[in-house]
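Numbered by UniProt numbering, the letters in the sequence shown go through residues 1 to 214 in order.
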Amino acid sequence: MTDDTDDSATPASGGGRRDFLGMVTAATAVTGAGACLWPFLQSLAPRDSAAAHMPVNVDISHLSPGQQIVVTWQGRPVFITHRTPQALVRMQQADLTRRLRDEHSSDRQQPPYATNWHRSIVPEYGVVVGICTHLGCVPAYRPLPEGTGGDDWPGGYACPCHGSMFDLAGRVFRGAPAPYNLPVPPYSMPTPATIRIGANPDGQDFDFTTILQI
Numbered sequence: 001m002t003d004d005t006d007d008s009a010t011p012a013s014g015g016g017r018r019d020f021l022g023m024v025t026a027a028t029a030v031t032g033a034g035a036c037l038w039p040f041l042q043s044l045a046p047r048d049s050a051a052a053h054m055p056v057n058v059d060i061s062h063l064s065p066g067q068q069i070v071v072t073w074q075g076r077p078v079f080i081t082h083r084t085p086q087a088l089v090r091m092q093q094a095d096l097t098r099r100l101r102d103e104h105s106s107d108r109q110q111p112p113y114a115t116n117w118h119r120s121i122v123p124e125y126g127v128v129v130g131i132c133t134h135l136g137c138v139p140a141y142r143p144l145p146e147g148t149g150g151d152d153w154p155g156g157y158a159c160p161c162h163g164s165m166f167d168l169a170g171r172v173f174r175g176a177p178a179p180y181n182l183p184v185p186p187y188s189m190p191t192p193a194t195i196r197i198g199a200n201p202d203g204q205d206f207d208f209t210t211i212l213q214i
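Pasting the structure below:
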């Protein structure tokens, strides 16, 4: 593949390199600040309108294995992840599950129809509210070991504020300040390619306000 990079644009001098690193640092700081500010900004938004409580339909037909999208439901970020077959196998292995605080999802942080090892309606798709149960920051999606501090990382979420870690089912790891798993919202799948957040499956009844903590 041909390298079309213009060498003249590369910061060669000491001053230029410092400027470049400064921009990278600033961008990183803005990203972290955004994650921390989400709960504060959302708390200022009105949530009593009818539109805010309507179900949200999400087309997942183009969501490739390993990818994640983020949508907003009732002013909250919701992570929808297409988990790979390898990730699903890893989520069930004993060396991982013994590191989890609530391996079997015994705490009421999800609907009854998502109280299973994958915490979802179907194993391939994870649906969790992306708000850390410690102090409300937004965890970062970390499907690979890079940036997690260890090659044994199974894939999941890392909170940038105080270090809480969650697996791809939103289950919190032991030793983290977060006391509970990430919440699973009420949702259904009217078609194999559609996730409807805010609407329970037919015959199911789950009130999101009954979870332990968000």
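Backbone N, C-alpha and C fix where the C-beta goes; we use that ideal spot for every residue, glycine too.
Is it right to say residue 241 is buried, meaning 16 or more other beta carbons lie within 10 angstroms of its own, or is it exposed? Not covered by the structure: residue 241. The range shown for the chain is 1 to 214.
Rounded C-beta distance between P201 and Y113? I'm assuming under 8 Å. In the sequence shown, the residue the question calls residue 201 occupies position 201. In the sequence shown, the residue the question calls residue 113 occupies position 113. So it is a contact: roughly 6 Å between Cβ atoms.
Please classify A178 as buried or exposed, where buried requires at least 16 neighbouring CB atoms within 10 angstroms. For the purposes of this step, residue 178 is taken as residue 178 along the sequence shown, with counting starting at 1. A178 comes out buried.
Can you grab the Cα-Cα spacing for the pair R174 / R99, in whole Å? Along the sequence shown, one-based indexing puts residue 174 at 174. Along the sequence shown, one-based indexing puts residue 99 at 99. Rounded to the nearest angstrom, the two C-alpha atoms are 6 Å apart.
Can you tell me which of the three DSSP states T194 falls into? Counted from its first residue, the sequence shown places residue 194 at position 194. In this structure, T194 counts as strand in the three-state DSSP scheme.
Could you please give me the residues that DSSP links to D207 through a beta bridge? As a first step, residue 207 must be located in the sequence shown, where it is residue number 207. According to DSSP, which records beta bridges pairwise, D207 is partnered with nothing at all.
Within the same chain, show all residues whose beta-carbon is closer than 8 Å to that of I80, passing over the 5 residues directly before and after it, in chain order. As a first step, residue 80 is located in the sequence shown; it is residue number 80 there, counting from the start. V58, I60, L63, Q68, I69, V70, V71, Y125, G126, V127 and I195, listed in sequence order.
Classify D95 as helix, strand or coil using the three-state DSSP reduction. Taking the first residue of the sequence shown as 1, we reach residue 95 at position 95. Looking at D95 - three-state DSSP - the assignment turns out to be helix.
With H, G and I counted as helix, E and B as strand and the rest as coil, what does DSSP make of L88? Position 88 of the sequence shown holds residue 88. Helix at L88.
Does the segment 81 to 99 touch the segment 154 to 171, meaning 3 or more C-beta pairs lie closer than 8 Å? yes
Hey, Y180 and D107 are a contact pair by Cβ (cut 8 Å); roughly how many whole angstroms apart? As a first step, residue 180 is located in the sequence shown; it is residue number 180 there, counting from the start. As a first step, residue 107 is located in the sequence shown; it is residue number 107 there, counting from the start. Their Cβ separation, rounded to whole angstroms, is 6 Å, which keeps Y180 and D107 in contact under 8 Å.
In this structure, does DSSP put P112 in helix, strand or coil? Here residue 112 refers to the residue found at position 112 when the sequence shown is read from its first residue. Helix, per DSSP.
Helix, strand or coil: how does DSSP classify H82 here? Along the sequence shown, one-based indexing puts residue 82 at 82. H82 falls in the strand class under three-state DSSP.
Could you check where the beta strand (DSSP E) with V70 kicks off and where it finishes? Locating residue 70 in the sequence shown gives position 70, counting from the first residue. Segment Q68 to W73, the beta strand (DSSP E) holding V70.
Terminal residues of the beta strand (DSSP E) in which D152 lies: For the purposes of this step, residue 152 is taken as residue 152 along the sequence shown, with counting starting at 1. It is not in any beta strand (DSSP E) - D152 carries neither H nor E in the DSSP assignment.
Taking the straight line between their C-alpha atoms, what separation do you get for Q92 and P192? Against the sequence shown, residue 92 aligns to sequence position 92. Against the sequence shown, residue 192 aligns to sequence position 192. About 24 Å.
Nearest residue (CA-CA) to T84, options Q109, T115 and P154: Here residue 84 is taken as the residue at index 84 of the sequence shown, counted from 1. Cα-wise, what sits closest to T84 is P154.
Do Q110 and R119 have their CB atoms nearer than 8 Å? Taking the sequence shown and counting its residues from 1, one reaches residue 110 at position 110. Taking the sequence shown and counting its residues from 1, one reaches residue 119 at position 119. For Q110 and R119, yes; Cβs fall inside 8 Å.
Distance check for L182 and G198, CA to CA, integer angstroms please. Along the sequence shown, one-based indexing puts residue 198 at 198. Along the sequence shown, one-based indexing puts residue 182 at 182. Their backbone Cα atoms lie some 16 Å apart in a straight line.
Whether residue 222 touches H82 by CB criterion (8 Å): Past the edges of the chain, shown from 1 to 214, lies residue 222, and the structure says nothing about it.
Sequence-distant residues of its chain with Cβ nearer than 7 Å to I214 (five each side left out): Counting from one through the sequence shown, the residue named residue 214 turns up at place 214. The answer, listed in chain order, is V129, I131, T133 and P183.
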